[in-house]
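Asks: Numbered by my numbering, the letters in the sequence shown go through residues 1370 to 1640 in order.
Glycine included, each C-beta is placed from N, C-alpha and C at the ideal position.
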Amino acid sequence: MHHQNHHHHLHPTSHWPSTPNVDTDNDNMDDSSDPKNEGQEYGKIRQPINEANLNEYLVKHVPTIAAPVDVRQFTYGQSNPTYILTDKQGARYVLRKKPPGTLLSPTAHAIDREFRILQAVGKYNDSLPSSSQSSSSKPHEDAVPVPRVFCLCTDTEVIGTPFFIMAFVQGRIFSDVRMLSMPTYSLRAAAWESAIRTLANLHRIDPVKIGLGEYGKRSDFYPRQLRALSTVHGRQAEAEDRETGERVGGIPDFERLTGWFAKNSPADENR
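#1: Which ranges does the alpha helix (DSSP H) cover as unbroken runs of at least 4 residues, wholly within the segment 1526 to 1589, from first to last along the chain?
#2: Quick one: what's got a C-beta closer than 6 Å to Glu1562's C-beta in the same chain, skipping five residues either side?
#3: Taking all protein chains shown into account, do 16 or more other C-beta atoms lie within 10 angstroms of the C-beta of Ser1634, making it buried, or fewer, making it exposed?
#4: Between the C-alpha atoms of Ser1496 and Lys1578, what's the straight-line distance to the nearest angstrom?
#5: Classify Lys1466 as helix, strand or coil using the three-state DSSP reduction.
#6: Might you give, ordered along the chain, the residues of its own chain that have their beta carbon closer than 6 Å to the beta carbon of Gln1502, omitting 5 neighbours on each side?
#7: Measure the alpha-carbon distance for Pro1417 versus Arg1587 and round it to whole angstroms.
#8: Just to confirm the assignment: which complete alpha helix (DSSP H) runs, minimum length 4, are found wholly within the segment 1411 to 1460?
#9: Please classify Tyr1411: is it buried, with 16 or more other beta-carbons within 10 angstroms of its beta-carbon, or exposed?
#10: Tell me which same chain residues have a C-beta within less than 7 Å of the C-beta of Ala1489, skipping the five on either side of it?
#11: What whole-angstrom Cβ distance do Ile1534 and Val1463 have, given they're in contact under 8 Å?
#12: Pick from Cys1520, Val1518 and Asn1494: whose alpha carbon is nearest that of Pro1508?
#13: If I measure Cβ to Cβ from Pro1516 and keep anything under 6 Å in the same chain, skipping five residues before and after, which residues do I get?
#14: Which same chain residues, not among the five before or five after Pro1437, have their C-beta less than 6 Å away from its C-beta?
#15: Terminal residues of the continuous alpha helix (DSSP H) containing Val1513?
#16: Is it buried or exposed, Leu1626, if we count other Cβ atoms within 10 angstroms and call 16 or more buried?
#17: Could you please give the first and the last residue of the uninterrupted beta strand (DSSP E) stretch that includes Val1518?
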């Protein structure tokens, strides 16, 4: 069945980063050996997509990206298959798509939701006053670091499932929360403090003012999160690993952690 096409075409803006990252050595695309790029390893495609259809779509709808693109898949990532696209000018972008087939969670793969929130937060960043710092390129202290988004495609006949494309952002992805690759306590503390500041900035945004007033429920945030996480955790624990056939199993100390959060959650502002 042909699904109705919904394309959102955005002009380049000054979100994160202001320009696409360009790799000057396309023969050595995976620069994740650099400690500053930890977790950004990519290589062969484990979940194939129709590259011919993708390139045709880019030519028609996203002229910012110089098709044809080289497609690789990131090694790490949860929920939605994530690919790195390198166009013929060496600029890099990221494509995220909804997984095919039967899904464990009906809500964890909402590609359109990811796109809409990134787009709204990006516009919020653009509305902030220019930084008072000496460097004009420095983000405002209240900004939330999100990549620019370029398109959302809900036509399943392009690459099989809905997808969106955003800018590639260089940086670390910690696959181990212990951050063992960070040699000192102070570096690990700085990473966590940065995450906390970012979350604080995100929660400071009024959803109504950025066009998300009717988007999602506005009450009982913390209990809903705990219920949703517990449901997904239970389903994932019972799932079988595709390669080994073994049961995935639960997250260590999950019940203890969620129990603590249930007892210590802050009051819901319900604003």
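Replies: Straight from the coordinates:
#1: 1554 to 1573
#2: none
#3: exposed
#4: 11 Å
#5: strand
#6: Note that Gln1502 scores 42 on pLDDT, short of 50, meaning its location in the model is unreliable; the coordinates nonetheless yield the value given after this. Result list for Gln1502: empty, nothing under 6 Å.
#7: 38 Å
#8: 1420 to 1430
#9: buried
#10: Ile1579, Gly1580 and Leu1581
#11: 7 Å
#12: Asn1494
#13: Trp1385, Met1535, Ala1536 and Val1538
#14: Asn1424
#15: Neither: Val1513 is in no alpha helix (DSSP H) and is coded neither H nor E.
#16: exposed
#17: Val1518 to Cys1522
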